[in-house]
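Participant: So the protein sequences, as listed, match chains B and Y.
Taking this note's numbering, I'd label the letters of the first sequence as residues 1 to 113.
Taking this note's numbering, I'd label the letters of the second sequence as residues 1 to 110.
Note that CB positions come from ideal geometry on N, CA and C, so glycine has one too.
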Amino acid sequence: EPEVTQTPSHQVTQMGQEVILRCVPISNHLYFYWYRQILGQKVEFLVSFYNNEISEKSEIFDDQFSVERPDGSNFTLKIRSTKLEDSAMYFCASAGLNTGELFFGEGSRLTVL
Amino acid sequence: SQQGEEDPQALSIQEGENATMNCSYKTSINNLQWYRQNSGRGLVHLILIRSNEREKHSGRLRVTLDTSKKSSSLLITASRAADTASYFCATDTGRRALTFGSGTRLQVQP
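1. Quick check on this structure: which residue in B/99, B/4, B/82 has the alpha carbon closest to the alpha carbon of residue 34 of chain B?
2. Count the other CB atoms within 10 Å of the CB of residue 54 of chain B; is the residue buried (16 or more) or exposed (fewer)?
3. Mind pulling the chain Y residues with CB within less than 9 Å of residue 48 of chain B?
4. May I ask you to list the residues that DSSP assigns as paired with residue 71 of chain B?
5. Using beta carbons (cut-off 7 Å, strictly below), is residue 83 of chain B in contact with chain Y?
6. Just to confirm the assignment: which complete alpha helix (DSSP H) runs, minimum length 4, are found wholly within the segment 49-89 of chain Y?
7. Is residue 16 of chain B near residue 81 of chain B, with beta carbons less than 7 Å apart?
8. Between the Cα of residue 59 of chain B and those of B/76, B/36, B/93, spot the shortest distance and give me the residue it belongs to.
9. Mind checking which residues open and close the beta strand (DSSP E) that includes residue 97 of chain Y?
10. Write down the C-beta distance between residue 26 of chain B and residue 94 of chain B rounded to the nearest angstrom, noting that I regard them as a contact closer than 8 Å.
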């Protein structure tokens with residue numbers, strides 16, 4: 001069964017460093033998302049991406065964040081200068097054209113020291 | 001309360017019992033979805049109910065939607081220890097970016 005894959009599964013970084021989280025969405029999907037979940041808290045929407053551009057972003061997704069689809073398969077989230085409060089699990093998701101169902105990856109745990 | 005708030009926050013039942021979780025939301029929706037998350041894992045889609053539907057079934061899952069009360073419920077019948085997980089409702093207001101609730105942690109005791 002097709003699945004969304006994310007790398008790395010866990011990354012530890014120093015405050016102020018740049019981090020890139022990678023995702024390979026399901027191949028025929030057209031909508032791509034990043035969500036984050038701080039430990040024990042709710043799943044928060046960051047950004048959605050469609051037709052090679054951001055379609056919606058939340059207040060969390062400030063200038064420190066960016067997304068890119070550099071080729072036909074990868075979808076990346078970059079955090080330019082990490083802060084302690086960026087520590088969270090980051091989930092990538094994708095969706096097809098005609099369904100509202102999101103398919104999630106297993107997440108990338110980011111720890112900022 | 002925020003869009004998509006579940007109650008109870010935590011629920012502990014015995015295997016074989018039914019588990020009911022509720023979700024309330026504030027704005028008009030296109031559809032409402034329920035997801036499951038095992039500890040430390042990704043979210044798995046369970047069921048989607050559209051705003052013009054009132055009830056939907058999938059295996060041991062039954063979802064209801066009351067748009068006049070802006071609420072939904074998820075019923076898991078004949079629960080199993082393997083149903084232990086967190087369950088989240090998520091609302092789609094038509095912009096295709098889901099808003100998740102805080103979740104209900106379900107513990108099913110064998």
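Facilitator: According to the structure shown:
1. Numbered from 1 along the first sequence, position 34 holds the residue referred to as residue 34 of chain B. It is B/4 whose Cα lies nearest to the Cα of residue 34 of chain B.
2. Taking the first residue of the first sequence as 1, we reach residue 54 of chain B at position 54. Label assigned to residue 54 of chain B: exposed.
3. Here residue 48 of chain B refers to the residue found at position 48 of the first sequence. Result: 95, 96, 97.
4. Against the first sequence, residue 71 of chain B aligns to sequence position 71. According to DSSP, which records beta bridges pairwise, residue 71 of chain B is partnered with nothing at all.
5. Residue numbering aside, residue 83 of chain B sits at position 83 when the first sequence is read from its first letter. Residue 83 of chain B does not count as touching chain Y.
6. none
7. Residue numbering aside, residue 16 of chain B sits at position 16 when the first sequence is read from its first letter. Residue numbering aside, residue 81 of chain B sits at position 81 when the first sequence is read from its first letter. Against a cut-off of 7 Å, the Cβ pair of residue 81 of chain B and residue 16 of chain B comes out as a contact.
8. By one-based count along the first sequence, residue 59 of chain B stands at place 59. Here the closest residue by C-alpha is B/36.
9. Against the second sequence, residue 97 of chain Y aligns to sequence position 97. From DSSP, residue 97 of chain Y is part of no beta strand (DSSP E); its letter is neither H nor E.
10. Start at 1 with the first residue of the first sequence, and residue 26 of chain B comes out as number 26. Start at 1 with the first residue of the first sequence, and residue 94 of chain B comes out as number 94. The Cβ separation is near 5 Å, so the contact holds.
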